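In our numbering, the protein residues as written are 86 to 454. Note that beta-carbon positions come from the ideal geometry of N, C-alpha and C, so glycine has one too. These numbers come from a predicted model, not from an experiment. In what follows, a single structure is set out as structure tokens and then discussed.
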Amino acid sequence: MHNVPSNHSSPVHAPHTCSGGCLDTSRLNVVVQSDVKPPPFFRGDHADTCTVHEWEDLMQSYLRRRKCSIADMYDAITSRLMGKARDIVKVSLRSNPDIDPYSHPAAVFDILKKNFSELPYSGMPMADFYSTLPKTDESALDYWVRLNKAIDVADECLRRQGRCVEDMSAEVVMMFVTHCPDPHLSLSFKSKPASKWSASEVQERLDDHQRDLRRRPPVCQHSPSTCSPGYVAFTQSTAQFDNSNVQPEATLHPVLHQPPAAVALPVNRAEEEPSMREVVSMLNKVITLCSVPQSVSHHRQPQQRQQLSQPPVSSPCRVCSSTDHSTFSHCRLLKFCRHCFQPGHFKSSCPGVTRPAAASAQPSRVPLN
């Protein structure tokens, strides 16, 4: 006969209490659970959530909390490896039988860092460190962190060769002060030689620089939500000026003096985000238009003086029949008589002019007593 499982749970017996009030713990089961959380699996591909150096730190902390012995460390480390990382460790240990991972478990970390580290591991560690230059658009803080990681790798490689870096901080400071990617921060390091700076001073300058960067206002990205109304008004008014055939002065005043709220018209994406070339062209047009009234005012006074000095030309010159000047101007320039157009005398003394007798006689002067 088969036993049919019952849906009712078995009764739980409460601990027996003796007559004296004491608790009988003979039926209690104590389960001890470890609160040490193991690190994530390391595969050596894009699926990893941390780098090999970060995974090494997590694994070392996990081994210390579990108080693993040296003989048990190799099995604990390989139990958290999967995929390509596990295969490379096995192949490398098989190819080097002189390495005993049970007595030297740190060899597993060395194999992983040689194959999966972002920093180079070579036979010339200091040359690799000195070639660590700033990347394009890299901040000063990121370069400072990357230099410290590079000197750690160089020191680790030198220790395998029986050597070490004499002063790691001095090497990092020298490289950072010499190749600082931030121009403002680099200028502050010119106050004294690079060898006189200490790591604490550089770190203090970096902290101050980061605080200054956080205080700066965000840069406008020329989008509909961040750009000011004045920018949209300038673009819209300039586009209207290009499509109209009116005088420059009549179009310039509405663009400069019209309030931004009155020009808040719906514009398309291309007008809201013009290219740099279009913006420069618009500014050149505005500068040209603003300089037009000044040039007109500068030339207005000489033109007025010329018009006052010369009488208006109503008919061609009677001397040379030219329309560029008048008869009066011709005679005045060449000192001709305005009556007979001959040199040597003027119209007042021209012999061809008939004068009345009363006009030719000079009045007698009577002396006054």
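A distance of 9 Å or more separates the beta carbons of V137 and S177. Pairing E139 with F194 gives a Cβ-Cβ distance that is not under 9 Å. The stretch 180 to 187 makes no contact with the stretch 213 to 230; the number of CB pairs closer than 8 Å stays below 3. Every alpha helix (DSSP H) of 4 residues or more that sits fully in the stretch 154 to 195 is shown, in chain order, as 155 to 163, 168 to 180. By the neighbour-count criterion, in which a residue is buried when 16 or more other Cβ atoms sit within 10 angstroms of its Cβ, T412 is buried. Remark: C-beta atoms of C265 and P219 approach each other more closely than 9 Å. Distance from the CA atom of R296 to the CA atom of T263, rounded to whole angstroms, is 22 Å. DSSP places F127 in the strand class (E or B) of the three-state scheme.
Going by DSSP, C416 is part of the alpha helix (DSSP H) stretching over 412 to 419. By the C-beta density criterion, F274 is buried, having at least 16 other C-beta atoms within 10 angstroms.
In the structure shown, P401 adopts coil according to DSSP, grouped into three states. In the three-state reduction of the DSSP assignment, P210 falls in the helix class, which pools H, G and I.
In this structure, Y206 sits near V238, with a CB-CB distance shorter than 9 Å. Short of 6 Å from the beta carbon of V258, and not among the five residues preceding or following it, lie these beta carbons of its own chain, in chain order: W282, A284, V287.
The C-alpha of G168 is placed about 16 Å away from the C-alpha of K198. Counting C-beta atoms within 10 angstroms of its own C-beta, F261 has 16 or more neighbours from the protein chains shown and is therefore classed as buried. The alpha helix (DSSP H) runs lying completely inside the stretch 251 to 293 and spanning 4 residues or more are 253 to 263, 268 to 273, given in chain order. Between A255 and S271, the C-beta spacing is not below 9 Å.
Of all alpha-carbon atoms in R179, L148, K152, the one lying nearest the alpha-carbon of S164 is that of L148.
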